[in-house]
Amino acid sequence: MTEGGPVTGADGRTRCPWARDADGYADYRAYHDTEWGHPVHGDVELYERLSLEAFQSGLSWLTILRRRAGFRAAFADFRPEAVARFTDADRERLLADPGIIRNRAKIDAVIANARAVLDVAESYEGGLDALIWSYAPGDRPAPRTIADVPATTPESTALAMDLKKRGFRFIGATTAYATMQACGLVNDHLATCDFR
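Taking this note's numbering, I'd label the letters of the sequence shown as residues -4 to 191.
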């Protein structure tokens, strides 16, 4: 293995190093193998990924994965029309919910972003799905090591700016890029990863 390069698991499959075999990493492996880098479409699905990436900011992605069911229950399965109607009482309920990350700024952002999703559905043909996918970059060489994977790109910077202009909160170039990776706009599986 090269520094930051692929690793081979106990099952004989080669993966990106963050999906390594270790106690507690089964959630990472499952996410790596079945979701990360796979194309995601639909306003609900993309709103969920944006929301989870916002909650992840400053935390481990494993923390978010392990609370995903709690997030879905707390935020009405990320149906924007439902979350957009959340009230101050809902905010207080969320701040007391041990199944999610209880951060007021992030909770408020997810609620505000639900309203922004509905606005985009009215103002942009194809809604959030079409808007986000309009920033998908062209093909580029597959990364050989983790060091080859950028934290931001011109496309993620432009996407973040566009979303902010449309009222989205808690989204910067890094969070936008993580969303692009999670939703398959880019494929950052390493070149020798079996799941590329």
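All residues carry an ideal CB built from backbone N, CA and C; glycine is no exception. These numbers were taken from a predicted model, which means no experiment stands behind them.
(request) Below 6 Å CB to CB, which residues in the same chain sit around Ala192 once its five sequence neighbours on both sides are set aside? (result) Outside the displayed range of the chain (-4 to 191) lies residue 192, so it cannot be described from this structure.
(request) Let me know if Gly162 comes out buried or exposed under the rule of 16 or more other beta-carbons within 10 Å of its beta-carbon. (result) Indexing the sequence shown from 1 puts residue 162 at position 167. The residue in question, Gly162, is exposed, as its Cβ has fewer than 16 Cβ neighbours within 10 Å.
(message) Buried or exposed for Pro136, going by 16 or more other Cβ atoms inside 10 Å?
(response) Here the question's residue 136 lines up with position 141 in the sequence shown. Pro136 should be labelled exposed.
(message) Taking the alpha helix (DSSP H) that Pro149 belongs to, which residues open and close that run?
(response) Counting from 1 along the sequence shown, the entry for residue 149 is found at position 154. Element bounds for Pro149: Pro149 to Lys160.
(request) Note down the Cα distance separating Ala21 from Gly65, rounded to an integer number of angstroms. (result) Here residue 21 refers to the residue found at position 26 when the sequence shown is read from its first residue. Here residue 65 refers to the residue found at position 70 when the sequence shown is read from its first residue. Going by the C-alpha atoms only, they are around 18 Å apart.
(message) Can you list, in chain order, the residues of its chain with a C-beta nearer than 6 Å to that of Thr3? Leave out the 5 residues immediately preceding and following it.
(response) Locating residue 3 in the sequence shown gives position 8, counting from the first residue. Answer for Thr3: Thr9, listed in chain order.
(request) Starting from the C-beta of His36, find all residues in its chain whose C-beta is less than 8 Å away, skip the five residues before and the five after it, and write them out in chain order. (result) Taking the sequence shown and counting its residues from 1, the one referred to as residue 36 is at position 41. So the list reads Asp124 and Trp128, once near-sequence residues are dropped.
(request) Output yes or no for whether 9 Å exceeds the beta carbon distance between Trp13 and Ile96. (result) Here the question's residue 13 lines up with position 18 in the sequence shown. Here the question's residue 96 lines up with position 101 in the sequence shown. In this structure, Ile96 does not lie closer than 9 Å to Trp13 by Cβ.
(request) Specify, as a first and last residue, the run of the alpha helix (DSSP H) that Thr170 falls within. (result) Along the sequence shown, read from residue 1 onward, the residue named residue 170 stands at position 175. Residues Ala168 to Ala177.
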